[in-house]
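Presented below is the structure to which this report refers.
Protein chains: 2
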Amino acid sequence: MSNSKLYKGSLTTIILKLLNEHDKMYGYEITQKVKELTKGELKITEGALYPALHKLEAEGLLDVEVAKVDNRLRKYYKLTETGTKETVNKLEELADYIKTMQALVNPKLA
Amino acid sequence: MSNSKLYKGSLTTIILKLLNEHDKMYGYEITQKVKELTKGELKITEGALYPALHKLEAEGLLDVEVAKVDNRLRKYYKLTETGTKETVNKLEELADYIKTMQALVNPKLA
DNA sequence: TTCTTATATATAAGAAAATTATGTATATAT
DNA sequence: ATATATACATAATTTTCTTATATATAAGAA
C-alpha cells in the first residue's frame, strides 16, 4: 500500500468512496484509479484489496456482478443501500480523524 | 483507542510528536495528554501504549529514565537524536497521508 | 474503615488488517 | 518468444491493536 503505516485501516474508506463516485467498479480498476488519483503515491495491493472486497460483500455493503470482457473475468462491485449509508459514516470518521490528529500535531492552532 | 479504525498505525506518530513538544513524559502522562488535547475523542489504552513505548525504546528512538514519585514508579521517556529525526519523518508522512486521502475523497479539489 | 477511583506499569491471548509470496489465466506489446 | 498488463484469488506471516488480567500505591467518598 505505502511505506507509511498510517494507511492501515483506510482501505475500506477508499473503496467505499470510489464506489460512491463511480457507481460500479471492478477490483483491478480500483487499483488503477487509486494510483491515478494519488499520482502513484498509493498502490493498493491485491492481497489487501480482494479480501477487503469480499468482506464488504459479506457484510452486505457491496453487491457483485460478474462479467466477461475480452474473454477475461471481471467482478463489478457496487454499493448497496447499506453501503451508501456506511460511506457517509466512513467519510465523517475520516474528517474526524484528520481533525483529531491535527489537534495533536498542531496544538497551537487548536 | 477509538471506534474508528483509521487510528491504526498512528500511535507511534502521536507518541513521537508529544515527546518532541514536551521533552520528557511518562506513559500515564501521555494517555492523559492525548485525552486532554483531543477533548476525550481519543483514548490511548495501556495495552497499546506500553508495548509501543518498549518497541520505540528497543529501536533506539527513545531513552528511558526511571523515577520514584510519591512512592510510585514512573518511567520517563525522551527522544534520542535518532528519535528526533524520525519524528520529522513521521510528521511528513502524516501530512502526506492527509493530502493523499483528500485527493481520493475530494478529487474535485485536486 | 472500607470501597472506589485515580495513578502507574506490564503482559498475554486474540482479532483485524495488512504484507509478502504464490498461483492461475488471458491479452498485448516488444 | 518473452515480458508486461490485465484480472482474480488465497495462504502464511507480520504488525498493530483490543480486551483481559495482574500488581501496587494514593486519595477521596461513604
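Those sequence lines, one after another, are chains L and X. Counting from 1, one number per residue, gives the positions in the first sequence under my numbering. Counting from 1, one number per residue, gives the positions in the second sequence under my numbering. All C-beta atoms, glycine included, are put in the ideal place defined by N, C-alpha and C. Only a predicted model underlies this, so the values are computations on that prediction, with no experimental measurement involved.
For L:Val34, which residues does DSSP report across the bridge? Indexing the first sequence from 1 puts residue 34 of chain L at position 34. Note: L:Val34 sits in no beta bridge, so no partner.
Give the single residue among L:Gly83, L:Glu21, L:Leu104 whose Cα lies nearest to the Cα of X:Pro107. The sequence position of residue 107 of chain X within the second sequence is 107, counting from 1. Per the Cα distances, L:Glu21.
Examine the Cβ distances between the segment 79-91 of chain L and the segment 91-102 of chain X and report whether three or more of them are shorter than 8 Å. Between the segment 79-91 of chain L and the segment 91-102 of chain X there are fewer than three inter-stretch CB-CB distances shorter than 8 Å, so the stretches are not counted as touching.
Report, in whole angstroms, the separation of the C-beta atoms of X:Thr38 and L:Ala103, which I expect to be a contact under 8 Å. The sequence position of residue 38 of chain X within the second sequence is 38, counting from 1. The sequence position of residue 103 of chain L within the first sequence is 103, counting from 1. With a Cβ gap of about 6 Å, X:Thr38 and L:Ala103 count as contacting.
Contact list for X:Lys112 against chain L, beta-carbon separation under 7 Å: Outside the displayed range of chain X (1 to 110) lies residue 112 of chain X, so it cannot be described from this structure.
Does any residue of chain L bring its CB to less than 9 Å from the CB of X:Glu86? As a working mapping, residue 86 of chain X is identified with position 86 in the second sequence. Put simply, the CB of X:Glu86 is far from chain L, with every gap to its CB atoms at 9 Å or more.
L:Thr45: buried (16+ other C-beta within 10 angstroms of its C-beta) or exposed? Here residue 45 of chain L refers to the residue found at position 45 of the first sequence. So L:Thr45 ends up on the exposed side.
What separation, rounded to the nearest whole angstrom, lies between the Cα atoms of L:Ala52 and L:Leu11? The sequence position of residue 52 of chain L within the first sequence is 52, counting from 1. The sequence position of residue 11 of chain L within the first sequence is 11, counting from 1. Those two C-alpha atoms are separated by around 8 Å.
Residues of the segment 19-37 of chain L with Cβ closer than 8 Å to any Cβ of chain X, in chain order: Those residues of the segment 19-37 of chain L that come within reach of chain X (Cβ to Cβ, closer than 8 Å) are Glu21, Val34, Leu37.
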